[in-house]
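One structure is given below, encoded as C-alpha cells.
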Amino acid sequence: MKKRRAAGFFWEFFKIGFCTFGGGWSIVAQIEKQYVRGQQLLTSQELLDLTSVGRSLPGVMITNVSFLFGYQVGGLACGFACVLGIAAPPLLILSAVTLGYQALQGNALMLSAMTGVRAAVVPIILSSAMALRKGAFSQPACYAVAAVAFVLSLVWDVGCIPLILFGMAAGVAMCEWRERKGEKPHGAA
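Numbering of the sequence shown is given in my numbering, commencing with residue -7 and proceeding in unit increments.
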C-alpha cells in the first residue's frame, strides 16, 4: 500500500513538474490547488508552514517543499517520491533543450513563446498568493509585518534570512501580546 501511494505521488508530482512553468512559486500554486482545495490533504496554513520551512532550508525551495509535503502526508517513501517526481521533468526537458540549444538560440518564435509563458505565470502565482492569504494573515498585525518585510526587501534589499528572522521575531511578539491580553495564541486548541 505504501509503495502504491508513493508511486501515485511520484506520478502526480511528475505531472505538476512537467506542466508548471515559472519556478517554485507557480508549483506551490499547483500544490495548493490540488492538495489544499482539491483533495484537502493539507490546510492552507500547513502549506504555508511547509513553504516557509522549505524556503528557509538550503537547496531548491520546491524540492524541499515537495519532500516536506510527501513526508507529512505519507512518510519517507512519499517524500522521496515527490522529490523525484518534481525533479524528473525539468531534468528531462533541460536535457532536450541543451541538446537543441544551438537551434533554438535566437529563434524568434521560441523567444515570443517564452515571453507569453512568463506573462501567464504571474496570474498563477497571484491566485495562489490570494488563496494562501487567509493562512498567512491570521491576525490584523500580520498585514503590518508583511508590509514592513516588503519595504525592507524592496527598498533596502534586505535578504531572505533577515526577513525570515524578522518574521519569526514578530510572530513571537504577536503571540506574547495575545497571551498577555488573555487570548489564546493562534493555532492553540
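Ideal placement from N, C-alpha and C gives every residue a C-beta, glycine not left out.
- Residue range 36 to 48 is occupied by the alpha helix (DSSP H) that includes SER48.
- DSSP places SER87 inside the alpha helix (DSSP H), whose first and last residues are 68 to 91.
- Annotation for ALA21: ILE116, ILE117, SER119, SER120 place their beta carbon closer than 7 Å to its own, counting only its chain and skipping 5 residues before and after.
- For TYR135, the uninterrupted alpha helix (DSSP H) segment begins and ends at 132 to 148.
- Rounded to whole angstroms, the separation of the alpha carbons of THR12 and ILE85 is 12 Å.
- Annotation for LYS126: the continuous alpha helix (DSSP H) segment containing it runs 100 to 128.
- Within the same chain, and ignoring the five residues on either side of ARG47 in sequence, the residues whose Cβ sits closer than 6 Å to its Cβ are MET53.
- Exclusion of the five residues before and after THR55 leaves VAL75, ILE78, ALA79 as the residues of its chain whose Cβ lies within less than 7 Å of its Cβ.
- Below 8 Å, enough C-beta pairs join the stretch 123 to 139 and the stretch 31 to 49 to call them touching: three or more.
- Counting C-beta pairs with one atom in each stretch, the stretch 88 to 101 and the stretch -1 to 18 have fewer than three that are closer than 8 Å, which means they do not touch.
- In terms of Cα proximity to PHE61, the closest of PRO81, VAL28, PRO50 is VAL28.
- Counting the other Cβ atoms within 10 Å of the Cβ of SER104 gives fewer than 16, which makes it exposed.
- Here LYS(-5) carries a helix assignment [DSSP, helix/strand/coil].
- Residue GLN131 holds the alpha-carbon nearest to the alpha-carbon of TRP169 among ARG(-4), ALA141, GLN131.
- Around the beta-carbon of GLY16, 16 or more other beta-carbon atoms lie within 10 Å, marking it buried.
- It is roughly 24 Å from the alpha-carbon of LYS(-6) to the alpha-carbon of THR43.
- Contact between ALA136 and PHE158 is absent: CB atoms are separated by about 12 Å, not below the 8 Å threshold.
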